[in-house]
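Using my numbering, read the sequence shown as starting at 45 and increasing by one per residue. The beta carbon of each residue, even a glycine, is placed where N, CA and C say it ideally should be. Only a predicted model underlies this, so the values are computations on that prediction, with no experimental measurement involved. The structure under discussion appears below in the form of structure tokens.
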Amino acid sequence: MRKCDHDLNPGGTFPRNNLRYLKNAPPYGKAAGDPNAYTTGAVGRHNVVLAHMPGMGKVNATAVAAKCPMSFPNIRLAIVVGICGVVPFGPDGDKIILGVVIVSEGVIQYDSGRQQPEGFVRRDTFRDALGRADAEIRNLIAKLKTFHNRKNLQDWMDVAQDRFFEATYHHKGDKKTACTECGCNGKLVPRTRLGQGKPLPAVHFGWIASRDALMRPGEDRDATAEEEGIITFEMVSAGVWDIFHRVVLIKGACDYADTHKNRMWQRYAAATAAACMKAFLRYWLPSQTQG
């Protein structure tokens, strides 16, 4: 049986949010020697295989992605669905708040470089090393940018816990302690859209930066975003981008990529990303092939 339209989701970022959208389909099985664990099904007109990742980071993502073609050699589209930290202001000045979804136009591996005496120096050719999406995906994203209503996204959660601090104000407690518990009371940056009642669903399109380490503090986030024109930081996709010909990242914003990280928004962000994945596949019409 041809397995033609598949979705790859490296797990570890609450893959059960993707499972809710899978319709039952006969199991395909897997090839001998393939150590991966898969869930198969269908989303709309597409056959889908969900690949479960054993842990975080691009090393695990690369290992899982590299084995997928053993069992599913005809994958036409790989989608990495999960969570991310976002830059609070995009290159065009748009405000990006927690709970929104980011769809990739390209990926930068920004931990690729050399450690010099004066500090870490990133390669100046890494845009070419990973680069932008292929022409078919770029055309689809251009089409999606014309749609202003994202009807397939879930309702937004209570925005009262969306707190964005100035970049120079660092988290007071350890990384496991929430801001409300350790007394983070620095100046909050107002988010205009949060003051207009229940926020409307939003999807942003842009470049995503990927590396193994979390981005912190806020000053580093802002400097990297300004230098490279990115809007999102995450830790998986560089390991997938080179394996498949056609890759799309769909990420839910769970923090502002600073020292004030917590888990409060992670499940919600994962759910919105999964909902966007379902909506995205409605627009994805792969070209016909012989066979």
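_DSSP beta-bridge partners of residue 95_ = On the sequence shown, residue 95 is found 51 positions in, with the first residue counted as 1. BP columns for residue 95 point to 82.
*Give the single residue among 92, 95, 120 and 110 whose Cα lies nearest to the Cα of residue 291.*
For this step, residue 291 is matched to residue 247 along the sequence shown. When each option's Cα is compared against that of residue 291, the closest is 120.
*Are the segment 268 to 275 and the segment 127 to 139 touching by the rule of at least three beta carbon pairs closer than 8 Å?*
yes
*Taking the continuous beta strand (DSSP E) assigned at residue 299, which residues delimit it?*
Taking the sequence shown and counting its residues from 1, the one referred to as residue 299 is at position 255. Start and end: 291 to 299.
*Under 9 Å between C-beta atoms of residue 18 and residue 269*: This structure gives no information on residue 18, because the portion of the chain shown stretches from 45 to 335.
*asked:* Rounded to the nearest angstrom, what separates residue 307 and residue 79 at their Cα positions?
replied: Locating residue 307 in the sequence shown gives position 263, counting from the first residue. Locating residue 79 in the sequence shown gives position 35, counting from the first residue. Roughly 30 Å between the two C-alpha positions.
*Using 8 Å as the threshold, is the segment 320 to 330 in touch with the segment 82 to 102, meaning 3 or more CB pairs across them?*
yes
*First through last residue of the alpha helix (DSSP H) which encompasses residue 181*: Here residue 181 refers to the residue found at position 137 when the sequence shown is read from its first residue. Run containing residue 181: 179 to 188, per the alpha helix (DSSP H) assignment.
*Hey, how far is the Cα of residue 320 from the Cα of residue 249?*
Counting from one through the sequence shown, the residue named residue 320 turns up at place 276. Counting from one through the sequence shown, the residue named residue 249 turns up at place 205. Cα to Cα, the separation comes out at about 12 Å.
_Less than 9 Å between the C-beta atoms of residue 287 and residue 112, yes or no?_
Along the sequence shown, one-based indexing puts residue 287 at 243. Along the sequence shown, one-based indexing puts residue 112 at 68. Taking 9 Å as the Cβ cut-off, residue 287 and residue 112 qualify as a contacting pair.
*With a threshold of 16 other CB atoms inside 10 Å of the CB of residue 190, please say whether the residue is buried or exposed.*
In the sequence shown, counting from the first residue as 1, residue 190 sits at position 146. The residue in question, residue 190, is exposed, as its Cβ has fewer than 16 Cβ neighbours within 10 Å.
*Could you name the residues of the same chain whose beta carbon sits closer than 6 Å to that of residue 298, not counting the 5 residues immediately before and after it, in chain order?*
Residue numbering aside, residue 298 sits at position 254 when the sequence shown is read from its first letter. Excluding sequence neighbours, residue 298 sits near 127, 309, 310 and 313.
*In its own chain, which residues sit with a C-beta less than 8 Å from the C-beta of residue 182, not counting the 5 before and 5 after it?*
Along the sequence shown, read from residue 1 onward, the residue named residue 182 stands at position 138. Excluding residues up to 5 positions away in sequence, 149 and 176 lie with their Cβ nearer than 8 Å to the Cβ of residue 182 in the same chain.
*Is the beta carbon of residue 129 less than 9 Å from the beta carbon of residue 265?*
Mapped onto the sequence shown, residue 129 falls at position 85. Mapped onto the sequence shown, residue 265 falls at position 221. For residue 129 and residue 265, yes; Cβs fall inside 9 Å.
*Taking the continuous alpha helix (DSSP H) assigned at residue 262, which residues delimit it?*
Counted from its first residue, the sequence shown places residue 262 at position 218. Start and end: 262 to 272.
*asked:* By the three-class DSSP mapping on this structure, what secondary structure does residue 111 have?
replied: The residue labelled residue 111 in the question sits at position 67 within the sequence shown. Residue 111 falls in the helix class under three-state DSSP.
*Please name the residue, chosen from 279, 330, 302 and 301, that lies closest to residue 152 on a Cα-to-Cα basis.*
For the purposes of this step, residue 152 is identified with residue 108 of the sequence shown, where counting begins at 1. Considering only alpha carbons, the answer is 279.
_Cutting at 6 Å between CB atoms, please list the residues of its own chain near residue 282, excluding the five before and the five after it._
Here residue 282 refers to the residue found at position 238 when the sequence shown is read from its first residue. Correct list, in chain order: 102, 153 and 254.
*With a threshold of 16 other CB atoms inside 10 Å of the CB of residue 304, please say whether the residue is buried or exposed.*
Here residue 304 refers to the residue found at position 260 when the sequence shown is read from its first residue. Result: buried.
*In or out: residue 205 buried (at least 16 other Cβ within 10 Å) or exposed?*
To locate residue 205, count along the sequence shown from 1; it is residue 161. Its pLDDT being 48, under 50, residue 205 is placed unreliably in this model, and the value from its coordinates should be taken loosely. Exposed, because fewer than 16 other Cβ atoms sit within 10 Å of the Cβ of residue 205.
*DSSP on residue 321, reduced to helix/strand/coil?*
Looking up residue 321 in the sequence shown gives position 277. Helix.
*Give the DSSP bridge partners of residue 326, in chain order.*
Along the sequence shown, one-based indexing puts residue 326 at 282. Residue 326 is not bridged by DSSP to any residue.
*Chain-order list of residues whose beta-carbon lies under 6 Å from that of residue 293 (same chain, five-residue window excluded)*: Numbered from 1 along the sequence shown, position 249 holds the residue referred to as residue 293. Hits under 6 Å: 124, 148, 252 and 281.
_In DSSP terms, what residue 252 is bridged to_ = On the sequence shown, residue 252 is found 208 positions in, with the first residue counted as 1. DSSP, once it has assigned bridges, lists 151 and 276 as partnering residue 252.
*Which whole-angstrom value describes the C-beta separation of residue 284 and residue 105, a residue pair presumed to lie in contact below a C-beta threshold of 8 Å?*
As a working mapping, residue 284 is identified with position 240 in the sequence shown. As a working mapping, residue 105 is identified with position 61 in the sequence shown. Their Cβ separation, rounded to whole angstroms, is 5 Å, which keeps residue 284 and residue 105 in contact under 8 Å.
*Please work out which residues of its chain come closer than 6 Å, Cβ to Cβ, to residue 39, disregarding the five sequence neighbours upstream and downstream, and give them in chain order.*
Because the chain is modelled from 45 through 335, residue 39 falls outside the range shown and cannot be assessed.
*Looking at C-alpha atoms only, which residue of 107, 93 and 329 is the closest neighbour of residue 83?*
Reading the sequence shown from its first residue, position 39 is the one you call residue 83. Looking at the Cα atoms, 93 is the closest of the given residues.
*Run the proximity test for residue 189: is its beta-carbon closer than 8 Å to any non-hydrogen atom belonging to the ligand NAP?*
No copy of the ligand NAP appears in this structure; indeed no ligand is present at all.
*On a CA-only basis, which of 301, 180 and 96 is nearest residue 141? Give me that one, please.*
The residue given as residue 141 occupies position 97 in the sequence shown. If you compare the alpha carbons of 301, 180 and 96 with that of residue 141, the shortest gap goes to 301.
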